[in-house]
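What follows is a single structure, written as structure tokens, with notes after it.
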Amino acid sequence: MAQLMGNVRSVDLSVLPEWEAIAGALLVLLVGFLVLRITIRIVMKAMARGMRDQSRELLRKTLLYVGAVLLFVMVLNTAGVSVGALLGAAGVVGIAVGIASQASLSNVISGFFLVSERFFEIGDVVRIGENTGTIASIDLLSVKVKTFDNILIRVPNQRLIEQDIFNITRFPLRRMQFTIVVPTQIALAKVFEALETAAGNVADVLQEPEPFIFFRAFTENGSEVVAGVWFERQNFIRVRNDMAQSIQSVFSSRGIPIRTRAIALLEDMPQKSI
Amino acid sequence: MWGPLSFEDPEEVAFTLSDLEIRIVYRDGSYRIHLDGGPIKNQAGVLPGWNEMHIAQSAGLTLEPATPDLPIVLRPQEPIAVAPGADISYRVQLPLWVRLVSVPREYRRGSDTFPLFDVPTVALKRTWFGSGETGEIGYSWKFLPRSKERYQRHLFTVPLTIRNSSQSVLWFERLLLRVVHLDLYRVNRQIETNHVTVAFKGSEQLSQVSFEPSSSTAQRGAKLIAERREPASQDIIRRSFLWLRDLAT
Numbered sequence: 349m350a351q352l353m354g355n356v357r358s359v360d361l362s363v364l365p366e367w368e369a370i371a372g373a374l375l376v377l378l379v380g381f382l383v384l385r386i387t388i389r390i391v392m393k394a395m396a397r398g399m400r401d402q403s404r405e406l407l408r409k410t411l412l413y414v415g416a417v418l419l420f421v422m423v424l425n426t427a428g429v430s431v432g433a434l435l436g437a438a439g440v441v442g443i444a445v446g447i448a449s450q451a452s453l454s455n456v457i458s459g460f461f462l463v464s465e466r467f468f469e470i471g472d473v474v475r476i477g478e479n480t481g482t483i484a485s486i487d488l489l490s491v492k493v494k495t496f497d498n499i500l501i502r503v504p505n506q507r508l509i510e511q512d513i514f515n516i517t518r519f520p521l522r523r524m525q526f527t528i529v530v531p532t533q534i535a536l537a538k539v540f541e542a543l544e545t546a547a548g549n550v551a552d553v554l555q556e557p558e559p560f561i562f563f564r565a566f567t568e569n570g571s572e573v574v575a576g577v578w579f580e581r582q583n584f585i586r587v588r589n590d591m592a593q594s595i596q597s598v599f600s601s602r603g604i605p606i607r608t609r610a611i612a613l614l615e616d617m618p619q620k621s622i
Numbered sequence: 002m003w004g005p006l007s008f009e010d011p012e013e014v015a016f017t018l019s020d021l022e023i024r025i026v027y028r029d030g031s032y033r034i035h036l037d038g039g040p041i042k043n044q045a046g047v048l049p050g051w052n053e054m055h056i057a058q059s060a061g062l063t064l065e066p067a068t069p070d071l072p073i074v075l076r077p078q079e080p081i082a083v084a085p086g087a088d089i090s091y092r093v094q095l096p097l098w099v100r101l102v103s104v105p106r107e108y109r110r111g112s113d114t115f116p117l118f119d120v121p122t123v124a125l126k127r128t129w130f131g132s133g134e135t136g137e138i139g140y141s142w143k144f145l146p147r148s149k150e151r152y153q154r155h156l157f158t159v160p161l162t163i164r165n166s167s168q169s170v171l172w173f174e175r176l177l178l179r180v181v182h183l184d185l186y187r188v189n190r191q192i193e194t195n196h197v198t199v200a201f202k203g204s205e206q207l208s209q210v211s212f213e214p215s216s217s218t219a220q221r222g223a224k225l226i227a228e229r230r231e232p233a234s235q236d237i238i239r240r241s242f243l244w245l246r247d248l249a250t
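These protein sequence lines map, in sequence, to chains A and B.
For the first sequence, the working numbering begins at 349 and goes up steadily by one.
For the second sequence, the working numbering begins at 2 and goes up steadily by one.
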């Protein structure tokens with residue numbers, strides 16, 4: 349036992365510099381990680397107040413990635429690894445990876461343009477191509493859109509930047525149009541008055557901006573009249589249903605028929621033999 | 002009619018305020034509440050008809066008046082011209098909201114009353130005030146510019162002064178009155194709010210809106226019966242006036 353203890357005492361840590369370096373690197377990693385987290389928290393508290401969700405997230409990720417790279421370099425330096433040689437190697441690897449990941453890089457750059465353009469933000473309802481849904485997240489490579497039938501769609505940023513995007517909920521107000529066709533014999537003044545009453549009967553239709561009603565054209569089906577009403581964006585479905593019911597009820601009470609295209613099937617038609 | 006309600010078992014109590022009908026039936030320790038009338042049609046979060054509620058006996062029920070839950074866009078019957086440096090005062094009558102509350106006043110936090118229902122006595126049309134991007138929603142209300150009001154049970158009065166502090170004539174066409182910041186007081190049998198003064202400083206500038214402090218209102222012999230929906234300081238600077246030309250842009 350005494351011999352063993354003697355052997356332990358004779359171990360000189362200074363002859364094992366790699367262990368010291370590794371322990372130092374671990375210490376730097378631990379302290380650096382804590383410092384990085386605290387710094388991010390302080391910076392976010394000081395700067396992110398009043399920022400939009402996606403800008404806050406972008407700032408947080410930028411701080412995190414930059415801090416992580418600096419910490420990585422510091423850890424390697426402490427561990428005695430030559431950072432210069434590593435950076436040289438990383439440069440070669442970087443070129444190879446860069447060539448291989450052109451599409452991803454393009455998505456990242458497109459993502460920065462999208463965020464800086466501020467055309468939409470998390471929670472907005474957008475129409476992209478055939479799909480309509482709510483922006484669930486804006487990430488480095490893609491934007492996630494949650495459709496109203498609960499499907500999550502991932503749209504790569506590069507594709508997004510090249511196509512038309514419709515932000516449906518950007519403004520608090522929206523307008524909805526109804527096109528009504530009535531027989532040409534009905535006085536237009538009577539139709540205008542009926543549409544004004546119908547709009548006035550719907551609680552969610554705004555008084556101002558005023559509903560606008562205009563004659564569009566005489567068509568083969570009758571006189572085409574358009575009514576546009578303004579409403580708050582969140583009341584879309586209610587206004588659509590209530591306006592349709594109100595138009596039906598007011599037109600019916602005033603004896604104004606609404607024309608729709610109909611196909612009549614006639615039986616016992618005289619047949620012609622060829 | 003305002004204040005705590007007490008019931009025998011069984012008992013039915015009915016109230017009618019303008020177009021709003023409320024019936025409360027107390028039987029075997031539970032309440033059945035019936036709401037009906039034009040004002041509650043399309044009112045979000047309110048179900049017309051019978052609503053069954055089991056409420057803790059100790060809590061009891063209180064019927065409280067309240068101001069509308071959105072600002073009011075006031076439109077005088079005819080535009081009013083106010084000369085530079087002049088001021089005009091009106092007593093504007095607006096429709097009350099009715100709240101049935103089961104949480105006693107001492108258990109409430111701030112201005113939260115946790116009402117069982119919170120409904121208007123008159124059906125109001127919603128309208129937009131300001132630009133499409135930065136404006137705000139409110140209820141539209143046309144008023145007769147009068148210096149003396151006519152008592153009606155479902156209306157409350159806002160003593161309003163409009164001061165033209167600008168160098169030009171003020172054509173008063175639309176005014177956004179933020180009633181959510183007003184307390185309700187009983188003065189004799191009338192319900193009225195703190196005095197509101199709106200100082201117009203020019204068409205391109207924001208207006209200064211001042212609310213009379215509660216202490217001054219109480220000194221006039223008014224008794225507080227309902228606290229404001231949303232807290233506000235005595236002075237706020239906001240856009241308050243709107244003209245037809247603004248609506249055209």
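Backbone N, C-alpha and C define an ideal beta-carbon position, used for all residues, glycine too.
Proximal residues, the region 553 to 566 of chain A versus chain C, C-beta separation under 7 Å: Absent from the structure is chain C; the protein chains it does hold are A and B.
Pair within 8 Å by beta-carbon distance, B:V74 and B:F144: No.
Cβ-based burial, A:V577 [other Cβ within 10 Å; buried from 16]: The residue is buried, with at least 16 neighbouring Cβ atoms inside 10 Å.
Contacting residues, own chain, Cβ-Cβ under 6 Å from B:S141 (five flanking each side not counted): Excluding positions up to five away in sequence, the list reads V74, K126 and T128.
Beta-ladder partner(s) of A:I501, from DSSP: DSSP, once it has assigned bridges, lists A:V493 as partnering A:I501.
Where the alpha helix (DSSP H) through A:L435 begins and ends: Segment V431 to A448, the alpha helix (DSSP H) holding A:L435.
CA nearest to the CA of A:T545, picked from A:P531, A:L462, A:L418 and A:I561: Among A:P531, A:L462, A:L418 and A:I561, the Cα nearest to that of A:T545 belongs to A:I561.
B:E65 burial status per 10 Å Cβ neighbour count (16 or more: buried): Around the beta carbon of B:E65, 16 or more other beta carbons lie within 10 angstroms, which makes this residue buried.
Same chain, Cβ closer than 6 Å to A:V473, neighbours up to 5 away in sequence not counted: Annotation for A:V473: T482, I516 and T517 place their beta carbon closer than 6 Å to its own, counting only its chain and skipping 5 residues before and after.
Neighbour list for B:S141 in chain A, Cβ cutoff strictly below 8 Å: Annotation: Cβ neighbours of B:S141 in chain A (cutoff 8 Å, chain order): Q555 and E556.
Selection from B:R164, B:A67 and B:D37 that minimises the alpha carbon distance to B:A15: Ranking B:R164, B:A67 and B:D37 by Cα distance to B:A15 puts B:D37 first.
Segment limits, beta strand (DSSP E) that includes B:V159: Here the beta strand (DSSP E) through B:V159 covers L156 to N165.
A:E556 classed as buried or exposed, judged by whether at least 16 other C-beta atoms fall within 10 angstroms: Buried, since its Cβ has 16 or more Cβ neighbours within 10 Å.
Nearest to A:L489 (by Cα), restricted to the options A:Q511, A:N455 and A:E469: Restricting attention to A:Q511, A:N455 and A:E469, the CA atom closest to the CA of A:L489 is found in A:N455.
Interface flag, A:L411 vs chain B, CB-CB below 8 Å: Answer no: the Cβ-Cβ gap between A:L411 and chain B never drops below 8 Å.
Contacts that A:E580 makes with chain B (C-beta to C-beta distance below 8 Å): Result: R127 and I138.
Any C-beta of chain A under 8 Å from that of B:E134: When Cβ-Cβ separations below 8 Å define contact, B:E134 makes contact with chain A.
Chain B contact residues for A:L314, given Cβ-Cβ distances below 7 Å: No information on residue 314 of chain A is available, as it lies outside the stretch 349 to 622 that chain A covers here.
Per-residue DSSP class, three states only, for B:S132: Correct three-state label for B:S132: coil.
Spatial neighbours of A:I370 in its chain, beta-carbon cut-off 8 Å, leaving aside the 5 residues before and after: A427, listed in sequence order.
Min CB distance B:T250 to chain A below 8 Å: Confidence is the limiting factor: at B:T250 the pLDDT is only 41, short of 50, which leaves the residue's position unreliable, though a coordinate-based value still follows. Answer no: the Cβ-Cβ gap between B:T250 and chain A never drops below 8 Å.
Among B:A227, B:S148, B:S215 and B:V26, the one whose alpha carbon lies nearest that of B:E12: For B:E12, the closest alpha carbon among the candidates B:A227, B:S148, B:S215 and B:V26 is that of B:V26.
DSSP three-state assignment for A:M524, whether helix, strand or coil: Strand, per DSSP.
Stretch-stretch touch, CB-based, cutoff 8 Å, three pairs: the region 430 to 448 of chain A with the region 504 to 516 of chain A: Verdict: no, contact absent.
Same chain only: Cβ atoms within 6 Å of A:N549, ignoring 5 sequence neighbours per side: These residues qualify, in order along the chain: S594.
Whole runs of the beta strand (DSSP E) within the region 34 to 106 of chain B, excluding any shorter than 3 residues: List check, beta strand (DSSP E) in window: 50 to 54, 62 to 67, 73 to 77, 81 to 83, 88 to 96 and 98 to 102.
Rounded Cβ spacing between A:V539 and A:I604 (contact assumed at less than 8 Å): Cβ-Cβ separation between A:V539 and A:I604: approximately 6 Å, consistent with a contact (criterion under 8 Å).
Selected residue, minimal CA-CA separation from A:R607, among A:V598, A:P520, A:M422 and A:I528: A:I528 is the residue among A:V598, A:P520, A:M422 and A:I528 whose C-alpha sits nearest the C-alpha of A:R607.
Secondary structure of B:W172, DSSP reduced to three states: DSSP places B:W172 in the strand class (E or B) of the three-state scheme.
Nearest-angstrom Cα separation, counted from A:I501 out to A:G477: The C-alpha of A:I501 is placed about 12 Å away from the C-alpha of A:G477.
Assigned secondary structure, A:V356 (DSSP; H/G/I helix, E/B strand, else coil): No answer about A:V356 holds up, because its pLDDT of 47 lies below 50 and its placement is not dependable.
Nearest-angstrom beta carbon gap, B:R28 and B:D10 [assumed within contact, 8 Å]: Between B:R28 and B:D10 the Cβ distance is about 7 Å, and since that is below 8 Å, they are a contact.
Reference B:G61, options B:E193, B:D119, B:H155 and B:F8, closest by Cα: For the residues B:E193, B:D119, B:H155 and B:F8, the minimum Cα distance to B:G61 belongs to B:F8.
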